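Just below is one structure, and these are the notes that go with it.
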Amino acid sequence: MTATPTIVPHGRLTELAVQVLVASGAAEADARIVAGHLVDANLAGHDSHGIGMLPQYVRAIRRGLLDPRAHAAVEDRGGPVLSVDGRRGFGQLVGREGIAAGTARAASLGLAAVALRGAFHVGRVGAYAEQAAAAGLVSIHFVNVVGHAPLVAPFRGSDRRLMTNPFCVGVPGPGGRIAVLLDFATSRVALGKVREARARGDRVPDGCIIDHRGRPSTDPGALLDEPKGALLPMGEHKGSGLALVCELLGGAVTGGGILSRVPYQDGMIGNNMLSFLLDPAKLPGGAALAEDVEATVAFLKASPPADAELPVLVAGEPEEASRAARRASGIPVAAGVWEDLVAEGKNVGVDVRP
Numbered sequence: 118m119t120a121t122p123t124i125v126p127h128g129r130l131t132e133l134a135v136q137v138l139v140a141s142g143a144a145e146a147d148a149r150i151v152a153g154h155l156v157d158a159n160l161a162g163h164d165s166h167g168i169g170m171l172p173q174y175v176r177a178i179r180r181g182l183l184d185p186r187a188h189a190a191v192e193d194r195g196g197p198v199l200s201v202d203g204r205r206g207f208g209q210l211v212g213r214e215g216i217a218a219g220t221a222r223a224a225s226l227g228l229a230a231v232a233l234r235g236a237f238h239v240g241r242v243g244a245y246a247e248q249a250a251a252a253g254l255v256s257i258h259f260v261n262v263v264g265h266a267p268l269v270a271p272f273r274g275s276d277r278r279l280m281t282n283p284f285c286v287g288v289p290g291p292g293g294r295i296a297v298l299l300d301f302a303t304s305r306v307a308l309g310k311v312r313e314a315r316a317r318g319d320r321v322p323d324g325c326i327i328d329h330r331g332r333p334s335t336d337p338g339a340l341l342d343e344p345k346g347a348l349l350p351m352g353e354h355k356g357s358g359l360a361l362v363c364e365l366l367g368g369a370v371t372g373g374g375i376l377s378r379v380p381y382q383d384g385m386i387g388n389n390m391l392s393f394l395l396d397p398a399k400l401p402g403g404a405a406l407a408e409d410v411e412a413t414v415a416f417l418k419a420s421p422p423a424d425a426e427l428p429v430l431v432a433g434e435p436e437e438a439s440r441a442a443r444r445a446s447g448i449p450v451a452a453g454v455w456e457d458l459v460a461e462g463k464n465v466g467v468d469v470r471p
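Heads up: the sequence shown begins at 118 in the working numbering, then just goes up one per residue.
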């Protein structure tokens, strides 16, 4: 039977996260950035990257894997290139600082390449595309994960060799809003979605995971419990190939390291991210970009739905709909996630209540 979630207003959930982060050693201003990022992921419907990550951050701080006071160190590599050392700080904080530096560089040159390394978990990558879009920039992001044991089987493989390695593209619209936001893990589902399924008492959809013998499974325990199975790549060889590209561009090119060479540490979620920021106004079609985006989206959405109850959507629309619904009715926090949050809050002296 599925356990009943705890419904929490997004403002209250943000304040609870701020309290827990400050009690764990973060400055309040930094805690608000991290908490806002986490809760916005919940609002967008991406619970796997939302408040459920907070207990893991608290434990990582306690183990010395995450420095709650670290900020990004930005190095000018000449021309459009910036190197950003995250210093094992909150990924949501140092990632934001790196993109801010890249935005300034793109404003002057029309293009920036930001090589972020050494960040703790960067969270929902779409947030950085939204940050770039607010400045009128197109952005492309390649992310890899280090310090964590592999999770994803390569195409035709039967054990863990890759990570979920996110890929993201954002296209700006008028007024600083994002018109198209493509943000996905290169695995069929993210690890957090399997954890969320377990926390809710649900099964995992077919075709997402295999057990330790390489057999298909829908039981979250086949992935999460010993002996552990693996996530499957999205799109078979296509997802596996894109994960490889993210590993090399996000990890090798940034200097942050690749999964197979960085030692694993229990509780570690290290991220590296290579971001390209582009000012479309500097390109021949830039002046008509907003009009072309609108026309293309309208053309796609005019397709008659195969299922009348499932209209055609473009990347970013599900998140907009989720935000509207959850701002109005609150964020459902899975029972297992809430219990973990309450326990870690207690460990740092915060009484976590809805």
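Where is the CB? At the ideal position from N, CA and C, for every residue including glycine. These figures come from a predicted structure and were not determined experimentally.
Limits of the unbroken beta strand (DSSP E) element including residue i
i, result
"E192", "190-193"
"D424", "No beta strand (DSSP E) contains D424, which DSSP labels as neither H nor E."
"T303", "Element bounds for T303: n/a, residue is neither H nor E."
"P449", "448-450"
"S200", "198-202"
Same chain only: Cβ atoms within 6 Å of residue i, ignoring 5 sequence neighbours per side
i, result
"A158", "H166, G167, R241"
"R277", "P267, L268, A347"
"G215", "A189, V201, V231, L233"
"L228", "P197, L395"
"L406", "P397"
"K399", "G227"
"D300", "V242, G243, C285"
Own chain residues within Cβ distance below 7 Å of residue i, not counting five before or after
i, result
"R194", "S200"
"Q382", "L182, G264"
"L254", "T220, A223, P289, L394, L395, D396"
"L417", "V429, V431"
"H238", "M170, G208, I386, N388"
"V125", "G447, I448, V450, P471"
Environment of residue i [buried if 16+ CB atoms lie within 10 Å]
i, result
"R470", "exposed"
"H483", "Because residue 483 is not part of the residues shown, which for the chain are 118 to 471, the question remains open."
"T123", "buried"
"D164", "buried"
"D342", "exposed"
"R317", "buried"
"S256", "buried"
"D457", "buried"
"P401", "exposed"
"R273", "exposed"
"S392", "buried"
Residue i versus residue j - alpha carbon distance
i, j, result
"C285", "V260", "9 Å"
"G487", "A148", "With the chain covering only 118 through 471, there is no way to say anything about residue 487."
"S357", "D328", "18 Å"
"T413", "S304", "28 Å"
"G287", "A246", "5 Å"
"A250", "A296", "8 Å"
"R443", "E436", "10 Å"
"R179", "P421", "53 Å"
"L138", "I386", "17 Å"
"G367", "G169", "25 Å"
"P337", "L298", "29 Å"
"A120", "T335", "18 Å"
"D409", "E434", "18 Å"
"G243", "L349", "22 Å"
"G142", "P185", "6 Å"
"Q248", "R330", "42 Å"
"P411", "A339", "The sequence shown places Glu at residue 411, not Pro. Whole-angstrom Cα-Cα distance: 44 Å."
"D323", "R312", "16 Å"
"L279", "P344", "17 Å"
Cut-off 8 Å between Cβ atoms - residues of its own chain near residue i, not counting five sequence neighbours on either side
i, result
"R176", "G384, E461"
"E192", "L199, S200, V201, D202"
"R320", "A314, T335, D336, P337"
"P291", "A407"
"G403", "D396, P397"
Boundaries of the alpha helix (DSSP H) in which residue i is found, first to last residue
i, result
"V311", "308-317"
"L130", "127-140"
"G212", "208-226"
"I150", "145-160"
"L182", "Here L182 belongs to no alpha helix (DSSP H), and DSSP marks it neither H nor E."
Every unbroken alpha helix (DSSP H) inside the segment 337-415 [4 residues or more]: 337-341, 354-363
May I have a chain-ordered list of the beta strand (DSSP E) segments no shorter than 3 residues that lie completely inside the segment 231-287? 255-263
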